[in-house]
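Here is the structure we will look at.
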Amino acid sequence: MARLSLNAVSKSFGDKTVVDNLSLTIEPGQFVALLGPSGCGKSTILRMLAGFETVSAGDIQHGDQCLSSAKFHLPTEERNFGMVFQSYALWPHMTVMENVGYPLKIQKEDRQNYQRRVQDALDIVQLNDFKDRLPSQLSGGQRQRVALARSLVTEPDVILFDEPLANLDRHLRESMEITFREFHRRTGATMVYVTHDQAEAMALADQIAVLKDGQLMQWSTPEDLYAQPSNEWVANFIGQGSILRCQSVLGNQLLTSADVIGLLYDQTGHHGRMLVRPQHVDLSATSNMLQGTVRECIFRGERYDIFLELENGDTLHAYHTEPLTIGSTRQLSIQQAWTLEPSHDHDH
Amino acid sequence: MYLRNTDSQLRWLSFSIFLLIALLSLLPSVRLIMEALKGVQFDVQSPLSEVMRSSQTWTAFRNSFYTSGLGTLIAVVLGAGFAFIVTLTNIRARAIWVFLFMLPMMIPPQVTALSWLQLFGPASPILNTFGVAPALGSPNPMYSAEGIALLLGIQNAPLVFLALRTQLLCLPQDLIEAAKVARASQEAIWIDIILPLTRGALIAGAALAFVSSLGNFGIPAMLGIPVNYLVLPTLIYQKMAGFGQGMLSEVAGLSMLISFLVLGGMIMQQWLQQRSEYALVGHSSSHMSFRLGKWRLPTETALGLILLMILVVPCIALVVSSFVPALGMPLNSQTFTVSAYIEMLANQGVTARAFSNSLLLAGAASVVLMCLCLPLSYILLKLPLKVRILVTSLIEVPYAIPGIVLAIAFILLFARPLPILGVSIYGSMSIIFLAYLSCFLSVCLKPIYSAMSQMDKALEEAAQLAGANAIQRLVHIILPLTAPAFFAGAILVFLISVNELTVSALLWSAGNETLGVLIFNLDESGDTVLASAISVLVVLLVAALMACLSLLAPRLPKGVIPWHDSV
Numbered sequence: 001m002a003r004l005s006l007n008a009v010s011k012s013f014g015d016k017t018v019v020d021n022l023s024l025t026i027e028p029g030q031f032v033a034l035l036g037p038s039g040c041g042k043s044t045i046l047r048m049l050a051g052f053e054t055v056s057a058g059d060i061q062h063g064d065q066c067l068s069s070a071k072f073h074l075p076t077e078e079r080n081f082g083m084v085f086q087s088y089a090l091w092p093h094m095t096v097m098e099n100v101g102y103p104l105k106i107q108k109e110d111r112q113n114y115q116r117r118v119q120d121a122l123d124i125v126q127l128n129d130f131k132d133r134l135p136s137q138l139s140g141g142q143r144q145r146v147a148l149a150r151s152l153v154t155e156p157d158v159i160l161f162d163e164p165l166a167n168l169d170r171h172l173r174e175s176m177e178i179t180f181r182e183f184h185r186r187t188g189a190t191m192v193y194v195t196h197d198q199a200e201a202m203a204l205a206d207q208i209a210v211l212k213d214g215q216l217m218q219w220s221t222p223e224d225l226y227a228q229p230s231n232e233w234v235a236n237f238i239g240q241g242s243i244l245r246c247q248s249v250l251g252n253q254l255l256t257s258a259d260v261i262g263l264l265y266d267q268t269g270h271h272g273r274m275l276v277r278p279q280h281v282d283l284s285a286t287s288n289m290l291q292g293t294v295r296e297c298i299f300r301g302e303r304y305d306i307f308l309e310l311e312n313g314d315t316l317h318a319y320h321t322e323p324l325t326i327g328s329t330r331q332l333s334i335q336q337a338w339t340l341e342p343s344h345d346h347d348h
Numbered sequence: 001m002y003l004r005n006t007d008s009q010l011r012w013l014s015f016s017i018f019l020l021i022a023l024l025s026l027l028p029s030v031r032l033i034m035e036a037l038k039g040v041q042f043d044v045q046s047p048l049s050e051v052m053r054s055s056q057t058w059t060a061f062r063n064s065f066y067t068s069g070l071g072t073l074i075a076v077v078l079g080a081g082f083a084f085i086v087t088l089t090n091i092r093a094r095a096i097w098v099f100l101f102m103l104p105m106m107i108p109p110q111v112t113a114l115s116w117l118q119l120f121g122p123a124s125p126i127l128n129t130f131g132v133a134p135a136l137g138s139p140n141p142m143y144s145a146e147g148i149a150l151l152l153g154i155q156n157a158p159l160v161f162l163a164l165r166t167q168l169l170c171l172p173q174d175l176i177e178a179a180k181v182a183r184a185s186q187e188a189i190w191i192d193i194i195l196p197l198t199r200g201a202l203i204a205g206a207a208l209a210f211v212s213s214l215g216n217f218g219i220p221a222m223l224g225i226p227v228n229y230l231v232l233p234t235l236i237y238q239k240m241a242g243f244g245q246g247m248l249s250e251v252a253g254l255s256m257l258i259s260f261l262v263l264g265g266m267i268m269q270q271w272l273q274q275r276s277e278y279a280l281v282g283h284s285s286s287h288m289s290f291r292l293g294k295w296r297l298p299t300e301t302a303l304g305l306i307l308l309m310i311l312v313v314p315c316i317a318l319v320v321s322s323f324v325p326a327l328g329m330p331l332n333s334q335t336f337t338v339s340a341y342i343e344m345l346a347n348q349g350v351t352a353r354a355f356s357n358s359l360l361l362a363g364a365a366s367v368v369l370m371c372l373c374l375p376l377s378y379i380l381l382k383l384p385l386k387v388r389i390l391v392t393s394l395i396e397v398p399y400a401i402p403g404i405v406l407a408i409a410f411i412l413l414f415a416r417p418l419p420i421l422g423v424s425i426y427g428s429m430s431i432i433f434l435a436y437l438s439c440f441l442s443v444c445l446k447p448i449y450s451a452m453s454q455m456d457k458a459l460e461e462a463a464q465l466a467g468a469n470a471i472q473r474l475v476h477i478i479l480p481l482t483a484p485a486f487f488a489g490a491i492l493v494f495l496i497s498v499n500e501l502t503v504s505a506l507l508w509s510a511g512n513e514t515l516g517v518l519i520f521n522l523d524e525s526g527d528t529v530l531a532s533a534i535s536v537l538v539v540l541l542v543a544a545l546m547a548c549l550s551l552l553a554p555r556l557p558k559g560v561i562p563w564h565d566s567v
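As you go down the protein sequences, you meet chains U and S in turn.
Going by UniProt numbering, the letters in the first sequence line up with residues 1 to 348, in that order.
Going by UniProt numbering, the letters in the second sequence line up with residues 1 to 567, in that order.
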């Protein structure tokens, strides 16, 4: 097991820069998610790790071995990485067993070992009864598990996932998330997981890299990412919540209820931004300090989503256990908030 | 540089492949252009300017346009009609219709021409058998511009048919259902949905038919030369036979002219097609289909009659004329004779030789090209798009330019002994073989290339991650997944080259006759009965080959054989 590190990696196609000066250090055994909207460069990063793409600048190191740099490129077939593709990439002319065993066949594994290791890999994904089927005879979830077994059969140090759940329906996705977590616990391999789905990333990863336009926005644990987004763009992208205008304030601080009221009441400026998560808005408060008009009330099963318009025109998202009349005015208090660095490209 | 990601195995492979393409595709054309331009700088008396000022050239030019244009029109009407009916309706025995309609394309043009000649005219055995032949001395209506156009149309209709049918099979049923929900009438569905979506394929098919007509040699040679109605390819052939001074430069000039026409047509087709192409979104398992209801039987009858006219009757004429003792005699129990067949098989060593020559050439060409196209398409797909388009266009050139032009280019290339080696391949079978490789590379490449480009790239990447090197990936993953396309490529090359006439008409020499040349020579020397007998055998050979493949088809993956599909 070795540390995987990207040092100031850039990638351009023609004059378009897709990945810009990215540095990440992935510890052995970590489950890392690369998260971002489409076109943010996350797939390119994965393809550079796999060796399908060269790097334009910077380098990628695995332990003390250089995988890629502007001058050197270790071909994919010499990297011993596993990968699970969005399209599964199962070879349709091979049975489940042949698919899973192919990497061993290439390594010229002897017959006994081959049998045993394929068996073990199929056991992990619980597909031993299907080993003589062709991929076309399997369901979507089963195909994904075959792909998983194939990626781990050579016991690689690093397994890469390229949006592996994008083609599955919601129900199957949840059960596959559980499979992936178990899989990570059992193998202990380093995993790099590309997704555009923040819920998926939060559920699976130890550490998340949020990317936008080829640049790293934030690199932290899911909990920190949620509670302490590094700027306004990340705050918008991750989780639910409202961004309120307020007096200019230093970014990245946790505000108490009193701080929030102070900042919102001071009308001298509105260049500051604070993030308020809906669970931190209390609509049963009776203090007369803050109030809002109910604009929308949506039933979500376990609760109601309430959208209120504050006196300065900002919209505040809150949860409530009962429905509220649209147009009515509510007293409210905000228990805590997180101040934000303004994003550079935001101009209002 | 472009292949930096790949290993040295691949780099060597690509280097040698590109060298080969340069030799096969580029060299002949370059040699031709050099020869055509050789005389230019001297004076106005140069061969090229003479060709350009000769009224003969422009007459042939006009004739070429007229016969090809009319032929294309016929091909489009026939091909599109059949494609729409056979593909979009619930007609019975679809596979047989497709098979029969594809047959004219596979029958060599000189045989088609011969069979139609036997059908009409004063010497027609069929008409004579029924006693309705025109008076002796009256002209055969097939010896005319319209006769040539008709046969060009029939010969090339399958090109339009195939292009359109492929596109129609991709049209999902729900497009029609959506239109019906929007309360579109039957006519509106045709005008607003089906036609716009198939326009690209129709244009592509028509352009292919036109280009193929322009370059066709067999039909205008058999129908035009006897009445001195010359089109560009036959004019070149006659000039070659003439052996005048500066002849080579003259034919090179003519060849340039026809090449420009053809290449211009191809470029225009690609441009038009790109403009009218729509990407079809979404997938649907069922393709479009209309119910004919009470019109089914009349439609089937009409299709049957058309096929009877364009395929069966000429073939019968051919068969009949192979069983009479001499042309012009009616066929009855007294005149029936198999002497032509006996003579052909027993006495004429040249027939057996031509058969074995053609089989050898076609077999070798298809196997060699199949082996060549695996690494070639693989490497092509690794190249940046612009380079890829350039290389595929280069490969396309020898096939696109008419066979007669390619033959001239090969004569120019190999008239002198090879440098360094000092051996001359001119006048041997090798020159025909090389010309076939050059000519049919794109025929073989197309199905293979398209199969490979449609393959999910992740399939190969997954193998790469598994540690497989380039050769292993080719053999383990790509070859098995694209095997049908390889069969298709090789079969197409074999079928086309076994009957090939145009290239070998100029390159053959005593002892190296091909089947095409044999039939052509026999007909030219008036041995029509014998020519008919051989043609019958050729048609049987083609039909048998196609039928064998159809029988095999269930064991082959879908799409291998153009005239067979499981729909």
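The C-beta atom is built at its ideal place from N, Cα and C for all residues, glycine as well.
Quantities reported herein were computed from a predicted structural model and do not represent experimental measurements.
For C373(S), the secondary structure class from DSSP, reduced to helix, strand or coil, is helix.
Among the residues of chain U, those whose CB is under 8 Å from the CB of I477(S) are W91, following chain order. At a cut-off of 9 Å, the C-beta of A451(S) has no neighbouring C-beta in chain U. Contact holds between the region 391-407 of chain S and the region 441-461 of chain S, because three or more Cβ pairs, one in each stretch, are under 8 Å apart. For a Cβ distance threshold of 7 Å, residue set Y102, P103 and I106 of chain U lies close to A466(S), ordered along the chain. For K294(S), no alpha helix (DSSP H) encloses it, and the DSSP letter there is neither H nor E.
Within chain U, not a single residue places a beta-carbon under 9 Å from that of Q454(S); the smallest gap is close to 13 Å. Within the DSSP secondary-structure output, D132(U) pairs in no beta bridge.
Secondary structure in the region 104-163 of chain S: the alpha helix (DSSP H) runs of 4 residues or longer, each lying completely within the stretch, are 109-119 and 125-130 in chain order. Scanning the region 376-431 of chain S for uninterrupted alpha helix (DSSP H) segments of 4 residues or longer gives 385-400 and 403-414, listed from N- to C-terminal end. Apart from sequence neighbours up to five positions away, the residues of its chain that approach E513(S) with a beta-carbon distance below 7 Å are V350, R353, A354 and N357, ordered along the chain.
Of the residues F61(S), A470(S) and I306(S), the one whose Cα lies closest to the Cα of W12(S) is A470(S). Proximity of E163(U) to chain S, defined by a Cβ-Cβ separation below 9 Å, is not satisfied.
For A199(U), the three-state secondary structure derived from DSSP is helix. Residue pairing by DSSP places K16(U) opposite F13(U) in a beta bridge. Proximity to V86(S) across F290(S), L481(S) and G363(S) peaks at F290(S), based on C-alpha coordinates. Under the rule that a run must span 4 or more residues, the alpha helix (DSSP H) segments found entirely inside the region 108-187 of chain U read 111-124, 140-152 and 170-187. With 16 or more other Cβ atoms inside 10 Å of its own Cβ, K239(S) counts as buried. Between the alpha carbons of H476(S) and D169(U) lies a gap of roughly 32 Å. In the structure shown, the three-state DSSP call for A362(S) is helix. Across the set G51(U), H93(U) and D59(U), the C-alpha of G51(U) shows the shortest separation from the C-alpha of L74(U). Partner residues in the beta bridge of R330(U), as assigned by DSSP, are G292(U). Contact of Q472(S) with chain U is assigned, a C-beta pair being separated by under 9 Å. Per DSSP, W190(S) lies in no alpha helix (DSSP H) segment and is marked neither H nor E. G253(S) is the residue among V211(S), G253(S) and L162(S) whose C-alpha sits nearest the C-alpha of V51(S). Taking V262(S) as the centre and dropping the five residues before and after it, the same chain places the C-beta of V211, L214, G215, A400, I401 and P402 closer than 8 Å to its C-beta, in chain order.
Across the structure, S115(S) and S144(S) are spaced so that their CA atoms are roughly 15 Å apart. At least one beta carbon of chain S lies nearer than 9 Å to the beta carbon of Q86(U). Under the DSSP definition of a beta bridge, T190(U) partners with V158(U). Counting along the chain, G489(S) sits inside the alpha helix (DSSP H) bounded by residues L479 to V498.
Contact between S453(S) and L381(S) is confirmed by a C-beta separation of about 6 Å, below the 8 Å threshold. Non-local C-beta neighbours of I126(S) in its own chain, meaning closer than 6 Å and more than five positions away in sequence, comprise A317 and V320, ordered along the chain. Per the C-alpha coordinates, the member of T17(U), S87(U), Q207(U) and R47(U) positioned closest to T25(U) is Q207(U).
The alpha carbon of S29(S) has as its nearest neighbour, out of S255(S), Q186(S) and I17(S), the alpha carbon of S255(S). In this structure, V96(U) and G58(U) do not form a Cβ contact; the two beta carbons are roughly 39 Å apart against a cut-off of 8 Å.
At least one beta carbon of chain S lies nearer than 9 Å to the beta carbon of R150(U).
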